[in-house]
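**Q** Below: one structure in structure tokens.
Protein chains in written order, with our numbering: chain D, 1043 to 1239; chain Y, -7 to 484.
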């Protein structure tokens, strides 16, 4: 009976554990929280790094110049085809930041798929044109970047696997042909339990 | 006064009483407060069933505001449904999102598998959090998709529909998981050397639990735990919003699956053929493809089935021990819907039976529920027996009026405790419908449809908008109840 009393007493005390203190971590060093049900911040960082490496290694932008500078890139639709909500700019922004800094392209902000990314810039262009009496020159991109993020699930013997497949294409507007395409997969495994009661 | 050592030390009989009483007290403490979940949800449920969404919204909000963390998921699910029917789609979206986040946080934590000791103390099932059953999780994702579509956010609807498919895969996996937990917990009970294992396997318990689901014979059993509504919605969404041939292919797979799940519904066939033979979105010149979906009735009602356990110990000190199991029964109050266009009348055919989904999952969970309930009742019975035995021993040694009174009081208290403390977990998403049916129409733009349920209410007149395809999602909570309508444009 003493054993039972002890077990019950221990049970009643269960759950009294101290919370972990908050602290900073590096997004890319592998110490972040890994979720099977979602694309984590480190997944976007890793996917963007891999995509950029592939893009820089490709001849996509070789010889692509405009008289006024480097070519213009417009960000197209990147479809989230997974089961979790997130903003696809977490991937795309990392890429456009790097490409802009490298001088390979200039990113169009006053035009964009589904509306301009920078509404203020689009309005300012219109106002400027109205003041000068000239119509605003159409901002025609040389390239568009579009893609899809997919999710694939599998499970066996209590282990679940989630794969996130990042697909991107760079299309030359003039020809309508893809000049660079890449697909990178990030796979995570773990045991997840969700008995519903 | 000079007290000798023997006077200060507790006597043997005092120790017995103390030990017996302490054990019983501890078990009683672990029982926790009896839950009044069913009582508190009764008023809300009555208002919702009558179609009084304005007042049921107030009730649901109040229930959520007072919710314990253990009941948060189930109460928020009810609230999200009422918000949806009360026209507060954005609030419903937020509420379903909150529930989805709770699912994810539960999934990231340890499983609910009880050890021998914890099963013994598991007297109050309401002390465990309601983590959402598989059908809850699939329907959560499906309603989220419908809400997003109604708000015109197709990107988020796509994500929610993908989630609904993943939840169905999870459901299939969870069956094996439930079987494993049931085996593990039964093994723990057997290893604890109590008599609980024998009681779980007794014919009395078998007969009581088989009655718990006896009313659901003949309902469709969906292959691989799929939900035909979610599968069909996935199909028509990807067909009518296809961004490329891959989406049409996804639609084809889902529509063919939906056809196999709901063979009695002829409306799925045309889309399945289109998806298999064409690589684009369907469109009919000057006409709109309309899917009228009708959600009606109430999901099975959960009640408590209490009965007396076979005696664990043959002794006059053995208390009467009760065990409580949940029981589900169908609610026969579904409505019918008629859509009139000119001289033609169309009636939606069955797409999904929620009763079938609930009954199947209830049946899957029964072995775990049975083991937990019986093991808990048995250990309470043993605790009460020890307390009674100790009080009897004390009475025999002291042979005083006070000791006799204590013995009698102990017997009464332990019997009241072992019969009254048994409680079944009746938490469930009660605002789910009983049946969902669907019919597909192709009607010229600007024409009028009259939609009417079984009561002689004036029909709702609907003018077909200038769109290529849409869903009219209708709901009647009970027979003759008010008809609410959600317009969802698929392809403008």
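In this text, a Cβ means the ideal position worked out from N, Cα and C, and glycines have one as well. Note that the structure is predicted; figures quoted are calculated from it, not measured.
Determine the contact status of residue 1182 of chain D and residue 1102 of chain D, defining contact as a CB-CB distance below 7 Å.
**A** Their beta carbons are not under 7 Å apart, which means residue 1182 of chain D does not touch residue 1102 of chain D by this criterion.
**Q** For a contact defined as C-beta to C-beta under 8 Å, what are the partners of residue 1126 of chain D on chain A?
**A** Of the protein chains in this structure, namely D and Y, none is chain A.
**Q** Thinking C-beta only, is residue 1121 of chain D closer than 7 Å to residue 1179 of chain D?
**A** No.
**Q** Whole angstroms is fine: what's the gap from residue 486 of chain Y's alpha carbon to residue 419 of chain Y's?
**A** Since the first residue of chain Y shown is -7 and the last is 484, residue 486 of chain Y is not available in this structure.
**Q** Going along chain D in order, which residues have a C-beta closer than 7 Å to the C-beta of residue 96 of chain Y?
**A** Under the 7 Å cutoff, chain D gives 1079.
**Q** With a Cβ-Cβ cutoff of 7 Å, do residue 264 of chain Y and residue 247 of chain Y count as a contact?
**A** Yes, Cβ-Cβ distance for residue 264 of chain Y and residue 247 of chain Y is below 7 Å.
**Q** Excluding sequence positions up to five away, which residues of its chain have a Cβ less than 8 Å from the Cβ of residue 1233 of chain D?
**A** Counting only Cβ-Cβ distances below 8 Å, and skipping sequence neighbours, we find 1200, 1201 and 1202.
**Q** Taking the alpha helix (DSSP H) that residue 220 of chain Y falls in, what are its first and last residues?
**A** Segment 220 to 232, the alpha helix (DSSP H) holding residue 220 of chain Y.
**Q** What distance in whole Å lies between the Cβ atoms of residue 425 of chain Y and residue 271 of chain Y, which are believed to be in contact at a cut-off of 8 Å?
**A** Residue 271 of chain Y to residue 425 of chain Y, Cβ: 35 Å. No contact.
**Q** Taking 7 Å as the CB-CB cut-off, is residue 161 of chain Y touching chain D?
**A** Closer than 7 Å: yes.
**Q** Do you know how far the Cα of residue 1219 of chain D is from the Cα of residue 1142 of chain D?
**A** Taking the straight line from one Cα to the other gives about 22 Å.
**Q** Give me the chain D residues within the contact set of residue 158 of chain Y, using Cβ-Cβ distance strictly less than 8 Å, ordered along the chain.
**A** Within chain D, the residues near residue 158 of chain Y are 1125, 1193 and 1195.
**Q** Listing by chain order, which chain Y residues have their CB less than 8 Å from the CB of residue 1122 of chain D?
**A** Those are 147, 150 and 151, listed as they occur along chain Y.
**Q** Using the Cα positions of residue 1066 of chain D and residue 179 of chain Y, report the straight-line distance between them to the nearest angstrom.
**A** Cα-Cα distance, rounded: 44 Å.
**Q** If contacts are defined as beta-carbon pairs under 8 Å, then residue 340 of chain Y and residue 286 of chain Y qualify, I think. What distance do you get, rounded to the angstrom?
**A** So it is a contact: roughly 5 Å between Cβ atoms.
**Q** Can you tell me where the alpha helix (DSSP H) holding residue 1083 of chain D begins and where it ends?
**A** Looking at the DSSP string, the run of the alpha helix (DSSP H) that includes residue 1083 of chain D is 1083 to 1099.
**Q** In terms of alpha-carbon separation, which member of Y:224, Y:398 and Y:457 lies closest to residue 278 of chain Y?
**A** Nearest of Y:224, Y:398 and Y:457 to residue 278 of chain Y, Cα basis: Y:457.
**Q** Determine contact between the region 250 to 266 of chain Y and the region 437 to 455 of chain Y, defined as no fewer than three beta-carbon pairs at a distance below 8 Å.
**A** They do not touch, by the three-pair rule.
**Q** In chain order, what residues of the region 227 to 257 of chain Y put their CB closer than 7 Å to some CB of chain D?
**A** Cβ contacts with chain D: 235.
**Q** Looking at the secondary structure, which residues open and close the beta strand (DSSP E) in which residue 99 of chain Y lies?
**A** Note, residue 99 of chain Y: premise wrong, no beta strand (DSSP E); alpha helix (DSSP H) at 81 to 99.
**Q** Give every residue of the same chain whose Cβ lies closer than 6 Å to the Cβ of residue 470 of chain Y, excluding the five residues on either side of it in the sequence, and list them in chain order.
**A** Cβ within range, chain order: 41 and 325.
**Q** At 7 Å on the CB atoms, spell out the chain D contacts of residue 165 of chain Y, in chain order.
**A** Neighbours of residue 165 of chain Y on chain D, chain order: 1197.
**Q** Count the other CB atoms, across all protein chains shown, that sit within 10 Å of the CB of residue 377 of chain Y; report buried if there are 16 or more and exposed otherwise.
**A** Flag for residue 377 of chain Y reads buried.
**Q** Looking only at its own chain, which residues have a Cβ that is under 8 Å from the Cβ of residue 1197 of chain D, when we skip the five neighbours before and after it?
**A** Excluding positions up to five away in sequence, the list reads 1203.
**Q** Use the C-beta contact count for residue 93 of chain Y: other C-beta atoms within 10 angstroms, 16 or more gives buried, fewer gives exposed.
**A** When all chains shown are included, residue 93 of chain Y counts as exposed.
**Q** State the Cα-Cα distance for the pair residue 151 of chain Y and residue 138 of chain Y, rounded to the nearest angstrom.
**A** For residue 151 of chain Y and residue 138 of chain Y, the distance between alpha carbons rounds to 12 Å.
**Q** Distance, Cα to Cα, residue 1195 of chain D vs residue 225 of chain Y?
**A** In a straight line, the C-alpha of residue 1195 of chain D is about 20 Å away from that of residue 225 of chain Y.
**Q** To the nearest whole angstrom, what separates the beta carbons of residue 167 of chain Y and residue 217 of chain Y, a pair I think is in contact under 8 Å?
**A** 7 Å between Cβ atoms; contact.
**Q** What residues of chain D sit near residue 216 of chain Y, judged by a beta carbon separation below 7 Å?
**A** None at all; the shortest Cβ gap to chain D is about 13 Å.
**Q** Does residue 25 of chain Y get closer than 7 Å to chain D when you measure Cβ to Cβ?
**A** Only weak support is given to the placement of residue 25 of chain Y: the predicted model assigns it a pLDDT of 46, under 50, and the value that follows is read from those uncertain coordinates. Not one chain D Cβ lies under 7 Å of residue 25 of chain Y.
**Q** Quick one: grab the DSSP three-state call for residue 36 of chain Y.
**A** In this structure, residue 36 of chain Y counts as helix in the three-state DSSP scheme.
**Q** Pull the bridge partners of residue 1116 of chain D from the DSSP assignment, please.
**A** Answer is D:1186.
**Q** For residue 314 of chain Y and residue 1126 of chain D, I'd like the C-alpha separation in whole angstroms.
**A** Cα to Cα, residue 314 of chain Y sits roughly 45 Å from residue 1126 of chain D.
**Q** Would you mind working out which of D:1145, D:1144 and D:1163 sits nearest residue 1153 of chain D, comparing C-alpha positions?
**A** For the residues D:1145, D:1144 and D:1163, the minimum Cα distance to residue 1153 of chain D belongs to D:1163.
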